[in-house]
Amino acid sequence: MSQRQSMLPGFGLSLGVTVLAISLLVMIPLLALVTRSAELGLGGIWQTLADRRVMAAFRVSFSTAFAAALLNLFMGLVVAWVLVRYPLPCKRLWDSLIDLPFALPTAVAGIVLTTLYAPNGWLGRWFAEFGLQVAFTPLGITIALIFIGLPFVVRTVEPILQDLDRQQEEASTSLGASRWQTFRRVLLPPLVPALLTGFSLAFARGLGEYGSVIFIAGNMPMKSEIVPLLIVTKLEQYNYPGATVIALASLVVAFVMLLVVNGLQQWTRKRTGRE
Amino acid sequence: MPTLKTAALTGALGLSAVMPLAAHAEEIQLLNASYDPTRELYQDYNTLFSQWYEKQTGDSVTVEQSHGGSGGQSRSVIDGLPADVVTLALGYDIDAIADRTGKIPEDWQRAFPHHSAPYTSTIVFLVRKGNPKHIQDWDDLTKPGIEVITPNPKTSGGARWNFLAAWVAVLKRELGDLGKLDDPQYADDVASAQAAARQYVATLYQHVPVLDSGARGATNTFVQRGLGDVLLAWENEAFLATEELGEDQFDIVVPAVSILTEPPVAVVSGNIERKGDSAREAASAYLEHLYSPEAQKLIAANYYRPIAPQAADPEDIARFPDLELHTIDEIFGGWREAQATYFDDGGVFDTIYQP
Numbered sequence: 001m002s003q004r005q006s007m008l009p010g011f012g013l014s015l016g017v018t019v020l021a022i023s024l025l026v027m028i029p030l031l032a033l034v035t036r037s038a039e040l041g042l043g044g045i046w047q048t049l050a051d052r053r054v055m056a057a058f059r060v061s062f063s064t065a066f067a068a069a070l071l072n073l074f075m076g077l078v079v080a081w082v083l084v085r086y087p088l089p090c091k092r093l094w095d096s097l098i099d100l101p102f103a104l105p106t107a108v109a110g111i112v113l114t115t116l117y118a119p120n121g122w123l124g125r126w127f128a129e130f131g132l133q134v135a136f137t138p139l140g141i142t143i144a145l146i147f148i149g150l151p152f153v154v155r156t157v158e159p160i161l162q163d164l165d166r167q168q169e170e171a172s173t174s175l176g177a178s179r180w181q182t183f184r185r186v187l188l189p190p191l192v193p194a195l196l197t198g199f200s201l202a203f204a205r206g207l208g209e210y211g212s213v214i215f216i217a218g219n220m221p222m223k224s225e226i227v228p229l230l231i232v233t234k235l236e237q238y239n240y241p242g243a244t245v246i247a248l249a250s251l252v253v254a255f256v257m258l259l260v261v262n263g264l265q266q267w268t269r270k271r272t273g274r275e
Numbered sequence: 276m277p278t279l280k281t282a283a284l285t286g287a288l289g290l291s292a293v294m295p296l297a298a299h300a301e302e303i304q305l306l307n308a309s310y311d312p313t314r315e316l317y318q319d320y321n322t323l324f325s326q327w328y329e330k331q332t333g334d335s336v337t338v339e340q341s342h343g344g345s346g347g348q349s350r351s352v353i354d355g356l357p358a359d360v361v362t363l364a365l366g367y368d369i370d371a372i373a374d375r376t377g378k379i380p381e382d383w384q385r386a387f388p389h390h391s392a393p394y395t396s397t398i399v400f401l402v403r404k405g406n407p408k409h410i411q412d413w414d415d416l417t418k419p420g421i422e423v424i425t426p427n428p429k430t431s432g433g434a435r436w437n438f439l440a441a442w443v444a445v446l447k448r449e450l451g452d453l454g455k456l457d458d459p460q461y462a463d464d465v466a467s468a469q470a471a472a473r474q475y476v477a478t479l480y481q482h483v484p485v486l487d488s489g490a491r492g493a494t495n496t497f498v499q500r501g502l503g504d505v506l507l508a509w510e511n512e513a514f515l516a517t518e519e520l521g522e523d524q525f526d527i528v529v530p531a532v533s534i535l536t537e538p539p540v541a542v543v544s545g546n547i548e549r550k551g552d553s554a555r556e557a558a559s560a561y562l563e564h565l566y567s568p569e570a571q572k573l574i575a576a577n578y579y580r581p582i583a584p585q586a587a588d589p590e591d592i593a594r595f596p597d598l599e600l601h602t603i604d605e606i607f608g609g610w611r612e613a614q615a616t617y618f619d620d621g622g623v624f625d626t627i628y629q630p
């Protein structure tokens with residue numbers, strides 16, 4: 001890259017705004033998290049995290065967030081596909097419904113889902129017939145996370161789908177590819193980066209979600225207790241460093257996972273020659 | 276138009292000529308940070324107090340309310356919520372403000388009569404109508420097949436009272452006379468009674484299918500989701516639940532022994548000082564007046580046990596059943612000690628869930 005003047009003015013200004021915004025809104029709060037945790041020292045941090053109850057909560061949070069994001073990956077793709085490709089009656093209405101989980105206060109979502117899936121609820125009672133309890137188990141947590149995570153995948157995949165050139169599919173079919181081959185070789189590759197972004201957004205959101213989960217989780221230690229609840233529990237005992245340590249740990253793991261997903265994206269872009 | 280303006284002006288001037296008579300009449304705003312179930316009580320009391328105080332001093336006082344979980348409210352004040360008075364669920368939450376900010380004097384419990392608790396309550400059982408599982412006392416809660424709803428003591432003040440009430444009941448069953456607790460002669464008996472209490476509480480929490488984070492959440496789980504056979508609840512919440520949701524759905528069962536819950540009040544001196552003398556007097560009077568006969572009557576009408584029952588409506592008093600009640604100071608040596616022993620990280624409650 002040679003030292004070429006950019007075609008557009010304002011590089012200095014926009015870089016300044018970016019750096020300022022990132023430092024004020026992201027870096028400084030995160031730094032506070034780190035310094036607060038450091039109060040405990042390495043031994044204290046280890047002791048906080050190695051607690052069996054904390055480990056169990058991490059297990060619950062990560063597995064439910066992962067399961068929910070994975071399900072959203074498939075459901076989101078199907079929903080986006082239907083919204084983009086098929087003529088639906090009241091399409092606009094359906095389309096805006098997708099955003100509702102974003103707009104709804106999370107506590108409301110949690111209470112609604114709990115009411116529906118409780119053993120005496122409209123849906124929960126059917127599951128109960130088969131001896132399956134949804135609310136107050138990790139399954140309930142997963143359902144709440146699917147609810148709040150779906151828009152992430154739909155909204156990231158939708159614009160890419162819209163931009164796809166149908167002629168490529170037609171060409172693929174006329175060259176003798178089967179439907180499956182067309183989907184696998186022509187349609188899917190350009191969608192993968194968007195799908196991965198949607199997945200990682202839904203996953204990250206699921207890790208930190210409190211409001212919608214807390215009502216449906218049951219909050220039993222070692223079984224259905226999520227990481228954000230443990231943070232609140234520590235705060236409730238005025239154990240601020242303990243709370244920040246758990247928050248930081250959850251953040252670090254989420255950050256690493258996001259990095260991995262980003263790396264995957266780069267890789268698929270290169271592989272499909274879209275760089 | 277000019278005439279109107281002049282008239283208004285003379286009117287205003289005339290008014291200001293009269294004003295000096297009541298020159299010291301001020302408008303005072305107070306913020307009361309309270310916990311969840313006191314919503315209805317303080318709504319009534321604030322009106323009562325404003326009227327009374329204006330008659331007494333000429334100052335008009337508007338009290339704003341903030342409600343939430345007791346621990347959360349305490350944390351808000353520590354983090355800077357400008358509350359002038361706090362009326363919380365347990366002394367520990369006020370101790371925390373005193374310890375961490377110094378905005379409340381260390382000896383706040385001596386500021387008002389009766390350890391600064393103008394009303395009390397207790398922990399009772401709420402069961403489904405007709406009491407189908409025949410729950411009469413604490414021992415029935417750990418029978419096979421009984422599901423108990425109580426929130427998480429780590430996050431809920433009410434849940435801590437529930438936990439301690441169960442503990443007291445077992446001590447009473449084992450020892451007969453709780454006076455033995457302080458008698459070195461019975462040290463062995465006391466030790467085995469404490470072990471029995473620990474055993475009982477561990478079994479009790481195995482009967483709890485959902486640990487809500489707050490008392491209102493637990494009430495909803497029991498009432499709206501239909502989960503559990505019995506809800507451990509504040510007496511005032513239990514009354515409110517039967518009152519609001521129809522007496523045909525729930526019954527209140529009163530155990531033989533329970534804990535005397537003393538929700539305390541305190542002036543947040545560190546916050547009120549900035550507002551000046553008259554505000555400080557008003558804040559103090561606001562809590563002081565809770566002990567007046569009118570307020571005590573109101574307290575009983577709102578299902579809290581008044582500390583001066585003679586002032587209350589006999590009909591309201593008749594609602595409160597007789598049972599043996601013990602205080603936290605008497606059995607556990609105060610909140611600080613109880614918190615450290617039972618609820619802090621690594622405390623008794625945590626060991627219950629250790630596999």
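Sequence order for the protein chains is A and B. All the letters of the first sequence, read from the start, carry residue numbers 1 to 275 under our numbering. All the letters of the second sequence, read from the start, carry residue numbers 276 to 630 under our numbering. The C-beta atom is built at its ideal place from N, Cα and C for all residues, glycine as well.
DSSP-derived helix/strand/coil call for residue i
i         : result
Met294(B) : Interpretation of Met294(B) is limited by its pLDDT of 44, a score under 50 that renders its predicted location unreliable; the figure taken from the coordinates is listed afterwards. Here Met294(B) sits in helix by DSSP.
Tyr240(A) : helix
Phe127(A) : helix
Gln585(B) : helix
Leu306(B) : strand
Gln340(B) : strand
Val543(B) : coil
Ala364(B) : coil
Ser335(B) : strand
Ile379(B) : coil
Arg271(A) : helix
Ile226(A) : coil
Leu235(A) : helix
Val423(B) : strand
Arg500(B) : coil
Arg580(B) : strand
Chain A contact residues for residue i, given Cβ-Cβ distances below 9 Å
i         : result
Lys404(B) : Correct list: empty, because the minimum Cβ distance to chain A is about 15 Å.
Host alpha helix (DSSP H) of residue i (start-end)
i         : result
Phe199(A) : Leu188 to Gly208
Trp403(B) : According to the sequence shown, residue 403(B) is Arg rather than Trp. Counting along the chain, Arg403(B) falls outside any alpha helix (DSSP H), though it belongs to the beta strand (DSSP E) covering Tyr394 to Arg403.
Leu25(A)  : Where Leu25(A) is concerned, there is no enclosing alpha helix (DSSP H), given that its DSSP letter is neither H nor E.
Arg59(A)  : Arg52 to Arg85
Val134(A) : From DSSP, Val134(A) is part of no alpha helix (DSSP H); its letter is neither H nor E.
Gln162(A) : Pro138 to Asp163
Thr478(B) : Ala462 to Gln481
Asn437(B) : Gly432 to Leu450
Gln384(B) : Per DSSP, Gln384(B) belongs to no alpha helix (DSSP H) and is neither H nor E.
Ala107(A) : Thr106 to Tyr117
Neighbour list for residue i in chain B, Cβ cutoff strictly below 8 Å
i         : result
Leu116(A) : Ordered by position in chain B, no residue passes the 8 Å Cβ test against Leu116(A), which lies about 11 Å from the chain.
Val232(A) : Thr430 and Ser488
Unbroken beta strand (DSSP E) run spanning residue i, endpoints
i         : result
Phe525(B) : Phe525 to Val528
His409(B) : First-last for His409(B): undefined, no H or E at that position.
His601(B) : Glu599 to His601
Ile534(B) : Val532 to Thr536
Ala508(B) : Val505 to Trp509
Whole-number beta carbon distance between residue j and residue i, since they are thought to touch under 8 Å
i         : j         : result
Gln304(B) : Glu339(B) : 7 Å
Pro484(B) : Gly501(B) : The Cβ separation is near 12 Å, so there is no contact.
Val245(A) : Ile45(A)  : 5 Å
Trp81(A)  : Leu161(A) : 7 Å
Ala103(A) : Val157(A) : With a Cβ gap of about 20 Å, Ala103(A) and Val157(A) do not count as contacting.
Partners in chain A for residue i, counting only beta-carbon separations shorter than 8 Å
i         : result
Gly501(B) : Ala118, Pro119 and Asn120
(message) For the region 394-409 of chain B against the region 526-544 of chain B, do three or more pairs of beta-carbon atoms, one drawn from each stretch, fall closer than 8 Å, so that the two count as touching?
(response) yes
(request) Determine, using beta-carbon pairs with one atom in the region 318-331 of chain B and one in the region 507-526 of chain B, whether at least three such pairs fall under 8 Å. (result) no
(message) I'd like to know if the region 175-191 of chain A and the region 118-130 of chain A are in contact, where contact means that at least 3 CB-CB pairs between them fall below 8 Å.
(response) no
(request) Decide if the region 198-213 of chain A is in contact with the region 224-244 of chain A; the criterion is three or more beta carbon pairs, one per stretch, under 8 Å apart. (result) yes
(request) State whether the region 49-67 of chain A contacts the region 138-149 of chain A, with contact taken as three or more CB pairs (one from each stretch) at a distance under 8 Å. (result) yes
(message) Three Cβ pairs or more, each shorter than 8 Å: is that satisfied between the region 406-425 of chain B and the region 590-598 of chain B?
(response) no
(request) Count the CB pairs spanning the region 353-361 of chain B and the region 550-570 of chain B that are closer than 8 Å, and state whether there are at least three. (result) The answer is yes - the region 550-570 of chain B touches the region 353-361 of chain B, with three or more Cβ pairs under 8 Å.
(message) So, does the region 324-332 of chain B touch the region 340-349 of chain B, judging by three or more C-beta pairs under 8 Å?
(response) no
(message) Across the region 35-45 of chain A and the region 238-254 of chain A, are there enough close Cβ pairs to call them in contact, namely three or more that are closer than 8 Å?
(response) In the pairwise beta carbon analysis, the region 35-45 of chain A is classified as touching the region 238-254 of chain A: at least three pairs are separated by under 8 Å.
(request) May I ask you to verify whether the region 463-481 of chain B touches the region 542-549 of chain B, counting CB pairs closer than 8 Å and requiring at least 3? (result) no
(message) Tell me whether the region 431-445 of chain B and the region 489-498 of chain B touch, counting them as touching only if at least three CB pairs, one residue from each stretch, are closer than 8 Å.
(response) yes
(message) Within 8 Å, do at least three Cβ pairs link the region 143-150 of chain A to the region 67-77 of chain A?
(response) yes
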